[in-house]
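First comes the structure, then the notes that go with it.
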Amino acid sequence: MSNDLTFYTNPQSRGQMVRWMLEEVGVPYETEYLTYGGTMKAEPYLAVNPMGKVPAIKHDDKVVTEVAAICAYLADAFPEAGLAPPVADRADYYRFLFFAAGPLEQAFSLKAVNFEVPPDKQALFGFGNHANTFVALTKMLEGREYITGQFSAADLYVASELGFMMMFGGLERKEPFASYVARCTDREAYRRGKRKDAEAAEAMKAQG
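The UniProt record's numbering numbers the first residue of the sequence shown as 1 and each following residue consecutively.
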């Protein structure tokens with residue numbers, strides 16, 4: 001497998017999470033920046049992702065979309081980066097990665113638009129309600145430095161989601177979330193990714 005890797009993103013999107021992952025992986029990649037309502041919703045990008053949203057990656061002839069899937073894929077495609085535990089030890093890795101991509105994301109998104117699931121409808125939603133989701137995550141994170149004992153793609157994804165929620169006021173900066181996010185983001189790859197996205201955002205703004 002070669003390292004012909006293209007990253008499709010907008011620097012002001014969840015693509016920041018994949019940028020961080022790519023910087024952790026440490027292999028060369030090309031970046032294609034897309035605009036909301038413009039190139040993101042037109043060909044040739046729709047041939048990559050018919051949903052017309054970012055991020056996405058193309059690795060040789062393989063396309064991967066959805067942030068959690070991209071993180072898991074990159075961890076497997078480049079095992080030398082050490083971002084996934086051995087297969088026999090991946091129970092918590094998968095559990096947290098997809099809890100964050102499913103119930104946690106749903107709970108936050110609906111809360112952000114001021115939608116509270118009625119008590120008699122909670123059984124229809126995978127997360128039940130916002131409060132229960134974060135109570136569960138609190139219990140899941142207690143006593144853990146990292147999800148699997150050392151930093152992994154699951155930590156990158158969960159910490160990114162929690163950091164995003166705290167930044168936009170959807171979650172209080174309280175324990176165990178605040179210290180977990182601070183610990184996970186205290187990495188050079190994270191800082192490098194943030195710098196690259198900030199520079200790209202400024203360049204796109206200047207271009208109009």
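Ideal Cβ positions, reconstructed from N, Cα and C, are used throughout, including at glycine.
Cα-Cα separation between S160 and D120, rounded to whole angstroms: 32 Å
Residue environment, L46, which counts as buried when at least 16 other CB atoms sit within 10 Å: exposed
First through last residue of the alpha helix (DSSP H) which encompasses residue 214: This structure does not reach residue 214, given that the chain is present from 1 up to 208, and the question cannot be answered.
Whole-Å CB distance - L162 paired with V181, under 8 Å assumed: Separation of the CB atoms of L162 and V181 is rounded to 5 Å, and the pair is thereby assigned contact status at 8 Å.
DSSP beta-bridge partners of T31: F7
8 Å contact criterion, which T6 and V54 should meet: CB distance rounded: In this structure, T6 and V54 do not form a Cβ contact; the two beta carbons are roughly 12 Å apart against a cut-off of 8 Å.
One or two residues paired with H59 in a DSSP bridge: L5, K62
Any 3 or more C-beta pairs closer than 8 Å across the stretch 13-21 and the stretch 69-85: yes
CA-to-CA distance, G149 to E175, given in whole angstroms: 19 Å
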